[in-house]
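Residue numbers (this note's numbering): 1 to 148.
Here it is as structure tokens:
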């Protein structure tokens, strides 16, 4: 970027990333069992989530073999699309003394990821899959936006 690395922790307090995904229509969405592939991907992603998110999602993940997701069906209310509006999926990185030290000492993706996990950061994919389990959107929407 052409910026001296000492300036980054001094000037950055928070970084936010967001993507918009389509919101399922509440009038016609239909619960279906998650495919094995989707189920395994969601479990893998959510097992590394912060404990607070894991606790929130525990009722959805109590029986990992029968995870329910929702699919778009289509009705008059949503114009046959199965979707109604959009919702954001987010990840927020806070500049901490630990992260500042990593940036100043020569950051690697692995070091930064480890620090963010220690901070309890919820990734965009984790936030998205939480919304999938809550019936707000589909796994396909999350995969399309996060590249998982």
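Heads up, the beta-carbon is just placed ideally off N, CA and C, and yes, glycines get one too.
Counted within 10 angstroms of its Cβ, other Cβ atoms place residue i as buried (16 or more) or exposed
i, result
"residue 131", "buried"
"residue 51", "exposed"
"residue 20", "exposed"
"residue 83", "buried"
"residue 15", "exposed"
"residue 49", "buried"
"residue 128", "buried"
"residue 37", "exposed"
"residue 18", "exposed"
"residue 115", "buried"
"residue 99", "buried"
As assigned by DSSP and simplified to three states, the class of residue i
i, result
"residue 99", "helix"
"residue 3", "coil"
"residue 165", "In the structure as shown, the chain begins at 1 and stops at 148. Residue 165 is therefore absent and cannot be evaluated."
"residue 34", "coil"
"residue 110", "helix"
"residue 84", "strand"
"residue 118", "helix"
"residue 186", "Beyond the ends of the chain as shown, which are 1 and 148, falls residue 186; an answer cannot be given."
"residue 12", "coil"
"residue 146", "helix"
Paired residues, beta bridge with residue i - DSSP
i, result
"residue 89", "19"
"residue 94", "14"
Inside the region 42-78 only - beta strand (DSSP E) runs reaching at least 3 residues: 68-71
Three-pair Cβ contact test at 8 angstroms for the region 64-74 versus the region 26-33: yes
Contact the region 84-97 vs the region 58-65: 3+ CB pairs below 8 angstroms: no
contact_flag[the region 131-143, the region 33-44] where n(CB pairs < 8 angstroms) is 3 or more: yes
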